[in-house]
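Some notes on the structure that comes next.
Residue numbers (the numbering used here): 80 to 394.
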């Protein structure tokens, strides 16, 4: 449900012309592998073979692109492929076609009628097939994905598989990054080792995005699915150095979790990272004990800057 709310917020951002693209140096091979690693367990439970086959050389894989938006899109396509596939495989590949990078997510699932090609990329449209209704529909994620990719100068489309299933394609401009630039924001941690950051986030895609953003730092990233689990993990793991806290979560919300954490560990930094930016939200978060308040979508520089500041990381 909260994922739908976040997509609605994304739609609002798109419709009001506030969508911005923030290119950073990105290793698209690594991004693809992280997506597949993230969904490996889920694929295994369904006994589906999930394959990741980046067909781009390591040198050519370093490009300038909006990593957060690209990760969001690939993540969404793999999520949908697994949702609508009961047996067989999901295959994720990448290659260079002329001056563009092409990603393909193919599956052996129930497939999508090509006559729905225009409809499924519209805001709030869902396929009307029985199976689609049963599994929650395609939602508005594809519409958001198309807006993200088009804003990046790319394209997204789909076609039927050879025998069954669907193939989704995403293309973005191939803009090689210079060799002497650092990948993303890599910082040195002077005098600090084995720092652990707990990300309390119930939406798997949002956790994955923050994990990807922080992958340029020498940190161990832990995951709590709700506020109660976050409180328990902090109590059981004295090595946690910082908490990134979503506000709207099931079982226990982020504000209550922050209050409980701060009562026992008043010096542990807690940064609120939420898609909800309503009037008074920031004040309530700070009153609950959060040391900082950030709204999604958060930029690479903003998140890494906040984390490094609270952990005493120096560049």
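All residues carry an ideal CB built from backbone N, CA and C; glycine is no exception.
Query                                                                                                                                                                                        : Result
Apart from the five residues just before and just after residue 361, which ones in its own chain have a Cβ nearer than 7 Å to its Cβ?                                                        : 372
To which residues of the same chain is residue 141 closer than 6 Å at the C-beta, ignoring the five residues directly before and after it?                                                   : 106, 256
Locate the beta strand (DSSP E) running through residue 128, then write down its first and last residues.                                                                                    : 128–133
Residue 159: buried (16+ other C-beta within 10 angstroms of its C-beta) or exposed?                                                                                                         : buried
Give every residue of the same chain whose Cβ lies closer than 6 Å to the Cβ of residue 192, excluding the five residues on either side of it in the sequence, and list them in chain order. : none
For residue 328, which residues in the same chain have their Cβ closer than 6 Å to its Cβ, ignoring the five residues on either side in sequence?                                            : 281, 305, 306
Just how far apart, CA to CA, sit residue 104 and residue 346?                                                                                                                               : 34 Å
Since residue 173 is in the beta strand (DSSP E), which residue starts that stretch and which ends it?                                                                                       : 168–176
How would you label residue 342, buried or exposed, when you count the other beta carbons within 10 angstroms and need 16 or more for buried?                                                : exposed
Give a yes or no on contact between the segment 315–326 and the segment 275–293, applying the rule of three or more CB pairs nearer than 8 Å.                                                : yes
Is residue 188 buried or exposed, if buried means 16 or more other CB atoms sit within 10 Å of its CB?                                                                                       : buried
May I ask you to list the residues that DSSP assigns as paired with residue 63?                                                                                                              : Because the chain here runs from 80 to 394, residue 63 falls outside it and cannot be looked at.
Start and end of the beta strand (DSSP E) containing residue 186?                                                                                                                            : 179–186
Could you check what DSSP says for residue 347 in three-state terms: helix, strand or coil?                                                                                                  : coil
Given that a residue counts as buried once 16 or more other Cβ atoms are within 10 Å of its Cβ, and exposed if not, what is residue 291?                                                     : buried
According to DSSP, simplified to helix, strand and coil, what is residue 191?                                                                                                                : coil
Among 237, 190, 295, which has the Cα closest to the Cα of residue 52?                                                                                                                       : Because residue 52 is not part of the residues shown, which for the chain are 80 to 394, the question remains open.
Can you check the segment 295–374 for any beta strand (DSSP E) of at least 3 residues that lies completely inside it and give the ranges in chain order?                                     : 298–303, 319–324, 349–353, 371–374
Going by C-alpha distance, which of 139, 389, 122 is nearest residue 168?                                                                                                                    : 122
Using only the alpha-carbon positions, how far apart do residue 231 and residue 98 sit?                                                                                                      : 10 Å
Would you call residue 353 buried or exposed, if buried means 16 or more other Cβ atoms sit within 10 Å of its Cβ?                                                                           : buried
Which whole-angstrom value is the C-beta distance of residue 389 and residue 348, which I expect to be below 8 Å?                                                                            : 4 Å
Quick check on DSSP: helix, strand or coil for residue 163?                                                                                                                                  : coil
Residues in its own chain within less than 7 Å of residue 174 by CB, not counting five upstream and five downstream?                                                                         : 134, 135, 181
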